[in-house]
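Trainee: Take a look at the following structure, please.
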Amino acid sequence: MVVVRRVKPVPYFIVPILALLIGIGVSIVILFFLTGYMVQPMDVLISIWTGLTQPNVIANIFLILTIVGFSLSMSFKGGIYNIGGEGQFWMATWMIVWLVFTTPIIVSQAPLVSKLVALATGFAAGFAWGLLAGILRGYVGVDEVPLTLMMNYVAYYLIDWLVMLPGRPWRDIYGYAKTRSLPQTLQYSIIPGTTVSVEMILVTIVIGVLIWFMLDFTRLGLTIKIHGSNVNLLRSAGYSVPLTAALALALSGGFIGVAGIVYLCGVTPSIRIPVETTTSGFGYLGILVTWLSMLELFAVPIAAYVVSSLYNAGFTLMAIKGTQQAGVTAGVTNVFMGSVLLTYALLITISEYEIRIVW
Numbered sequence: 033m034v035v036v037r038r039v040k041p042v043p044y045f046i047v048p049i050l051a052l053l054i055g056i057g058v059s060i061v062i063l064f065f066l067t068g069y070m071v072q073p074m075d076v077l078i079s080i081w082t083g084l085t086q087p088n089v090i091a092n093i094f095l096i097l098t099i100v101g102f103s104l105s106m107s108f109k110g111g112i113y114n115i116g117g118e119g120q121f122w123m124a125t126w127m128i129v130w131l132v133f134t135t136p137i138i139v140s141q142a143p144l145v146s147k148l149v150a151l152a153t154g155f156a157a158g159f160a161w162g163l164l165a166g167i168l169r170g171y172v173g174v175d176e177v178p179l180t181l182m183m184n185y186v187a188y189y190l191i192d193w194l195v196m197l198p199g200r201p202w203r204d205i206y207g208y209a210k211t212r213s214l215p216q217t218l219q220y221s222i223i224p225g226t227t228v229s230v231e232m233i234l235v236t237i238v239i240g241v242l243i244w245f246m247l248d249f250t251r252l253g254l255t256i257k258i259h260g261s262n263v264n265l266l267r268s269a270g271y272s273v274p275l276t277a278a279l280a281l282a283l284s285g286g287f288i289g290v291a292g293i294v295y296l297c298g299v300t301p302s303i304r305i306p307v308e309t310t311t312s313g314f315g316y317l318g319i320l321v322t323w324l325s326m327l328e329l330f331a332v333p334i335a336a337y338v339v340s341s342l343y344n345a346g347f348t349l350m351a352i353k354g355t356q357q358a359g360v361t362a363g364v365t366n367v368f369m370g371s372v373l374l375t376y377a378l379l380i381t382i383s384e385y386e387i388r389i390v391w
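For the sequence shown, counting from 1, position 348 maps to 380 in the working numbering; every step adds exactly one.
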């Protein structure tokens with residue numbers, strides 16, 4: 033019995049669709065039994081349908097996940113698996129908080145200038161945090177998966193410590209475990225009747241177009257994609273493999289840093305601690321978005337919309353059944369995400385390989 037690559041792989045668009053359907057089915061079964069039959073299959077389907085049919089409910093999550101999905105696609109296409117989106121996301125938010133409350137000149141400018149400076153700061157912070165991992169990956173040979181994962185927790189605990197330093201200007205004036213809110217000049221304006229802002233929409237579109245242009249029309253984008261398919265070809269062409277790996281991870285982190293700024297300016301204007309328990313996990317959810325899109329940029333918004341609906345489904349279930357009655361908590365979201373991601377991993381393997389019995 034041997035495992036061999038399929039001569040004709042399963043069409044790539046079949047895998048994410050099946051992963052979603054089977055993953056949701058597995059989630060239904062798990063929730064049905066774990067809650068003592070209190071969560072019925074129809075409850076789960078209704079909760080998912082609510083997110084899919086009410087865009088305004090998931091709009092903020094959708095836009096942030098779209099940015100993160102675009103960002104991760106850049107490194108994933110290069111065969112560099114950036115699992116450190118959470119760290120890059122939060123380090124960017126911390127950097128702008130630190131600058132705002134220690135360098136008032138940033139918010140003394142016109143609102144548009146201040147917001148652009150915030151985005152640039154977020155990119156720089158995410159880029160630097162990603163570059164640190166990229167250098168270790170490219171020049172030292174450290175596996176980027178456990179490295180970037182551990183760096184997430186370094187970022188969590190570092191921010192927890194920094195936020196609670198006594199006597200600092202960013203400390204909440206009432207003593208709560210959070211920073212002060214950003215000034216109004218940095219906060220995005222919500223579109224009347226919605227939960228989103230024009231700035232969030234514009235930044236999402238610009239990031240998507242910019243990453244598409246970089247990957248398809250620049251030399252750097254070409255080298256990143258070649259790195260993901262044939263490292264030897266890249267090396268023989270005279271390009272630096274370590275530098276390409278480092279830049280792929282750093283750029284991915286930079287754009288995720290922009291997502292962090294969008295979150296801070298457009299959703300919640302302060303950082304709550306401990307970050308590791310209050311985070312929405314956009315860096316991890318973005319991984320699922322990227323895989324479900326099959327690394328196709330045009331499919332990232334579609335995958336982000338579906339994942340946003342699944343994310344929201346856990347909270348909808350809490351509203352339908354009640355936390356105390358059915359034992360449903362926000363952790364239900366992890367059941368959805370874990371089931372879909374595990375199913376995807378199995379299906380992508382089956383779609384590319386088959387088992388043959390050799391006598």
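Beta carbons are placed, not taken as given, at the ideal position from N, Cα and C, and that holds for glycine.
1. If I follow the unbroken alpha helix (DSSP H) through residue 315, where does it start and stop?
2. So residue 282 and residue 163 are in contact, right, with Cβ under 8 Å, and what is the actual spacing, rounded?
3. According to DSSP, is residue 229 part of a helix, a strand, or is it coil?
4. Is it buried or exposed, residue 305, if we count other Cβ atoms within 10 angstroms and call 16 or more buried?
5. When DSSP builds the beta bridges, which residues end up paired with residue 385?
6. For residue 211, list the residues DSSP reports as bridge partners.
7. Determine which residues share a DSSP beta bridge with residue 304 and list them.
8. With a CB to CB cut of under 6 Å and the five nearest residues on each side skipped, what residues in its chain are close to residue 203?
9. Short check: CB of residue 101 to CB of residue 325, under 9 Å?
10. Could you tell me if residue 243 is buried or exposed, where buried requires 16 or more neighbouring beta carbons within 10 angstroms of its beta carbon?
11. Whole angstroms is fine: what's the gap from residue 119's alpha carbon to residue 388's?
12. Can you list, in chain order, the residues of its chain with a C-beta nearer than 6 Å to that of residue 240? Leave out the 5 residues immediately preceding and following it.
13. Check residue 115 in the structure and name its three-state DSSP category.
14. From which residue to which residue does the alpha helix (DSSP H) around residue 224 run?
15. Would DSSP call residue 272 helix, strand or coil?
16. For the alpha helix (DSSP H) holding residue 261, just list the boundary residues, first then last.
17. Among 131, 247 and 154, whose alpha-carbon lies nearest the alpha-carbon of residue 211?
18. Judging by CA-CA distance, which residue of 237, 307 and 256 is the nearest neighbour of residue 98?
19. So, at 6 Å on beta carbons, what are the nonlocal neighbours of residue 335 in its own chain, with the 5 sequence-adjacent residues on each side left out?
20. Below 7 Å CB to CB, which residues in the same chain sit around residue 386 once its five sequence neighbours on both sides are set aside?
21. Just tell me which of 43, 53, 42 and 45 has its CA closest to the CA of residue 375.
22. Three-state secondary structure (DSSP) at residue 43?
23. CB-CB under 8 Å to residue 192, same chain, minus the five flanking residues each way: which ones, in chain order?
24. Between the Cα of residue 348 and the Cα atoms of 48, 75 and 49, which residue gives the shortest distance?
25. Hey, could you find the ends of the alpha helix (DSSP H) residue 175 is sitting in?
26. Write down the C-beta distance between residue 379 and residue 50 rounded to the nearest angstrom, noting that I regard them as a contact closer than 8 Å.
27. What is the C-beta distance between residue 288 and residue 181, in whole angstroms, given that I count them as a contact (C-beta under 8 Å)?
28. Is it buried or exposed for residue 303, if we count other Cβ within 10 angstroms and need 16 for buried?
29. DSSP three-state label for residue 120, please.
30. From which residue to which residue does the alpha helix (DSSP H) around residue 148 run?
Mentor: Answer, in terms of the structure:
1. 314-324
2. With 8 Å as the limit, residue 282 and residue 163 qualify as a contact, their Cβ atoms being about 4 Å apart.
3. strand
4. buried
5. 37
6. 203
7. 210
8. none
9. yes
10. buried
11. 43 Å
12. 102
13. coil
14. Run containing residue 224: none; DSSP gives neither H nor E here.
15. Coil.
16. 251-261
17. Comparing alpha carbon positions, the residue from 131, 247 and 154 closest to residue 211 is 131.
18. 237
19. 321, 324 and 325
20. Around residue 386: 36 and 38.
21. 53
22. coil
23. 305, 306, 307 and 308
24. 75
25. Residue 175 -> no alpha helix (DSSP H), and no H or E assigned at all.
26. Rounded, the Cβ-Cβ distance is 6 Å, consistent with contact.
27. The pair is not a contact, with the Cβ atoms about 14 Å apart (cut-off 8 Å).
28. buried
29. helix
30. Run containing residue 148: 143-167, per the alpha helix (DSSP H) assignment.
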